[in-house]
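Below is one structure; the comments refer to it alone.
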Amino acid sequence: MSIGILTSGGDCPGLNAVIRGAVLKGTKIYNQEFVGFKDGWRGVVESDVIPLERKDIQGIAKQGGTILGTSRTNPFEGNGGADVVKENMERLGVDSLIAIGGEGTLAAAKRLSDAGVKIVGVPKTVDNDLSATDYTFGFDTAVEIATEAMDRLRTTGDSHGRCMVAEVMGRHVGWIALHSGMAAGAHVILIPEQKTSMEQICEWVNAAHDRGRAPLIVVAEGFQLDTMDDAHSERGLDAFGRPRLGGIGDLIAPEIEERTGIETRATTLGHIQRGGTPTAYDRVLATRYGMAAVDSVIHGRWGRMVSLRGTQITHVAFDEALGKLNSVPQDRYDEAAILFG
Ligand code: F6P
0 MSIGILTSGG DCPGLNAVIR GAVLKGTKIY NQEFVGFKDG WRGVVESDVI
50 PLERKDIQGI AKQGGTILGT SRTNPFEGNG GADVVKENME RLGVDSLIAI
100 GGEGTLAAAK RLSDAGVKIV GVPKTVDNDL SATDYTFGFD TAVEIATEAM
150 DRLRTTGDSH GRCMVAEVMG RHVGWIALHS GMAAGAHVIL IPEQKTSMEQ
200 ICEWVNAAHD RGRAPLIVVA EGFQLDTMDD AHSERGLDAF GRPRLGGIGD
250 LIAPEIEERT GIETRATTLG HIQRGGTPTA YDRVLATRYG MAAVDSVIHG
300 RWGRMVSLRG TQITHVAFDE ALGKLNSVPQ DRYDEAAILF G
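The numbering of the sequence shown is numbering that gives the first Met the number 0, which starts it at 0 and goes up by one.
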């Protein structure tokens with residue numbers, strides 16, 4: 000019997016390091032065999048597998064993306080659900096699953112676990128929006144990329160005396176914006192947790208400009224002006240029926256220019272934040288998650304997700320892991336706001 004691994008949902012840097020950590024510990028310490036399911040739950044419901052031996056995971060910790068591929072396929076939506084998953088696992092000789100994914104993936108994993116599938120989870124969210132873990136891999140890399148991008152926006156902004164707006168990821172929570180904005184010395188940080196008025200934004204922009212600075216704004220994709228009821232979305236829905244966000248930077252930039260008279264440009268970083276090589280921090284965290292997931296399989300901790308508390312890797316029930324967002328607390332926003340303007 001072997002252990003099946005899948006990566007599901009949006010990708011993020013560090014997925015390959017999880018796979019490598021799991022396969023290395025599983026083969027070296029526990030003498031286990033592995034297979035990889037292609038493209039998340041799609042591979043599970045369609046029995047699409049690839050071998051995962053030690054030679055297959057050599058040198059992949061530094062590689063972005065996922066060698067297994069990913070998709071937003073939901074096993075419970077027209078794909079046969081738990082029955083098909085159990086049938087396919089049995090036929091392939093797969094005894095248990097390690098599912099690496101975000102909220103949608105873990106929700107499906109919980110339903111499968113409730114139906115008797117032996118499954119453990121590894122949290123994956125570039126937005127860092129799961130409250131059951133202190134950090135998820137991919138977040139540090141995204142912050143690094145966003146910070147570097149803003150450093151670059153600052154020099155061109157300085158040359159032209161322009162206000163520069165950088166839009167970063169962050170559907171429900173503003174961690175990427177908060178951390179990259181603080182690191183890059185942004186004059187304004189706009190996050191989903193804090194609705195803000197255009198008057199206030201322009202006040203900060205003018206204050207920075209009056210001090211001779213080229214104002215730098217970072218805005219999370221899920222940010223809403225105080226006049227908005229929902230996050231800005233003009234790209235329809237994704238496969239999970241969630242609005243595809245993006246474009247808030249382009250929406251506020253002309254308004255800022257009109258109100259302040261300062262020439263303003265917006266840049267959306269988008270999927271650049273999820274691509275490429277993971278930082279050392281993310282590689283280490285992801286490797287540890289992968290190894291801990293194998294420990295969970297060996298100890299039969301079904302229906303649980305590995306998580307980081309302080310510097311320790313521990314585990315929490317799927318129930319606990321789901322539903323509660325890791326929002327930016329008020330005191331962290333207030334602390335950052337001292338630097339605005
Ligand atoms: O949930 C992570 C995330 O990167 C969000 O910040 C973003 O809204 C979404 O995924 C983008 O998803 P997709 O890759 O399907 O466009």
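Idealized CB from N, CA, C, for every residue including glycine.
field: Cβ pair count under 8 Å reaching 3, the region 242 to 253 against the region 89 to 105
entry: no
query: Can you name the start and end residues of the beta strand (DSSP E) that residue 307 belongs to?
result: 303 to 308
message: Between 73, 98, 12, 61, which has its C-alpha nearest residue 35's C-alpha?
response: 98
Where the alpha helix (DSSP H) through residue 92 begins and ends: Taken as a continuous stretch (DSSP letters only), residue 92 belongs to no alpha helix (DSSP H), as it is neither H nor E.
query: Would DSSP call residue 83 helix, strand or coil?
result: helix
message: Tell me the rounded alpha-carbon separation between residue 91 and residue 185.
response: 52 Å
query: When you compare each of 190, 138, 59, 94 to residue 43 by their alpha carbons, which one comes out closest?
result: 94
- prompt: Just how far apart, CA to CA, sit residue 41 and residue 87?
  reply: 12 Å
task: Flag residue 244 as yes when its Cβ comes closer than 7 Å to any non-hydrogen atom of ligand 1, and as no otherwise.
output: yes
field: Buried versus exposed call for residue 338 [16 or more other C-beta atoms within 10 Å across all chains shown]
entry: exposed
Contact belief for residue 135 with residue 124 at Cβ below 8 Å, rounded distance in angstroms: 5 Å
query: Beta-carbon separation of residue 284 and residue 250 under 8 Å?
result: no
- prompt: Looking only at its own chain, which residues have a Cβ that is under 8 Å from the Cβ of residue 167, when we skip the five neighbours before and after it?
  reply: 141, 145, 175, 176, 179, 217, 218, 219, 220, 268, 272
message: Can you give me the C-alpha to C-alpha distance between residue 49 and residue 19, rounded to a whole angstrom?
response: 14 Å
field: Contacting residues, own chain, Cβ-Cβ under 6 Å from residue 61 (five flanking each side not counted)
entry: 276
query: At which residue ranges does the region 261 to 290 contain complete beta strand (DSSP E) runs of 3 or more residues, listed in the order of the chain?
result: 263 to 267
message: My parser needs the beta strand (DSSP E) runs of 3 or more residues fully inside the region 106 to 175; what are they?
response: 118 to 122, 162 to 167
- prompt: What distance in whole Å lies between the Cβ atoms of residue 4 and residue 67, which are believed to be in contact at a cut-off of 8 Å?
  reply: 7 Å
- prompt: Around the C-beta of residue 236, are 16 or more other C-beta atoms found within 10 angstroms, so that it is buried, or is it exposed?
  reply: exposed
message: Using C-beta distances below 6 Å, list every residue in its chain close to residue 332, excluding the 5 sequence neighbours before and after it, in chain order.
response: 193
message: Using DSSP's beta-bridge definition, name the partner residues of residue 214.
response: According to DSSP, which records beta bridges pairwise, residue 214 is partnered with nothing at all.
- prompt: For residue 78, which residues from the same chain have a beta carbon less than 6 Å from its beta carbon, with the 5 sequence-adjacent residues on both sides left out?
  reply: 44
query: Are the beta-carbon atoms belonging to residue 165 and residue 149 less than 8 Å from one another?
result: yes
field: Opposing strand residues paired with residue 52 [DSSP bridges]
entry: For residue 52, which the question treats as bridged, DSSP gives no partner whatsoever.
- request: Express the C-alpha separation of residue 23 and residue 30 in angstroms, rounding to a whole number.
  value: 10 Å
- prompt: Should residue 39 be listed as close to ligand 1, given that the test is whether its C-beta is under 7 Å from any heavy atom?
  reply: no
Limits of the unbroken alpha helix (DSSP H) element including residue 311: Here residue 311 belongs to no alpha helix (DSSP H); instead the beta strand (DSSP E) covers 311 to 316.
query: For residue 137, which of 173, 315, 80, 14 has the nearest alpha-carbon?
result: 14
message: My assumption, with CB atoms under 8 Å, is that residue 327 sits in contact with residue 172. Please give the rounded CB distance.
response: 6 Å
message: Assuming the contact rule is C-beta atoms closer than 8 Å, residue 305 and residue 314 should be a hit. Round their C-beta distance to whole Å, please.
response: 5 Å
field: Per DSSP, cross-strand counterpart(s) of residue 34
entry: 3, 50
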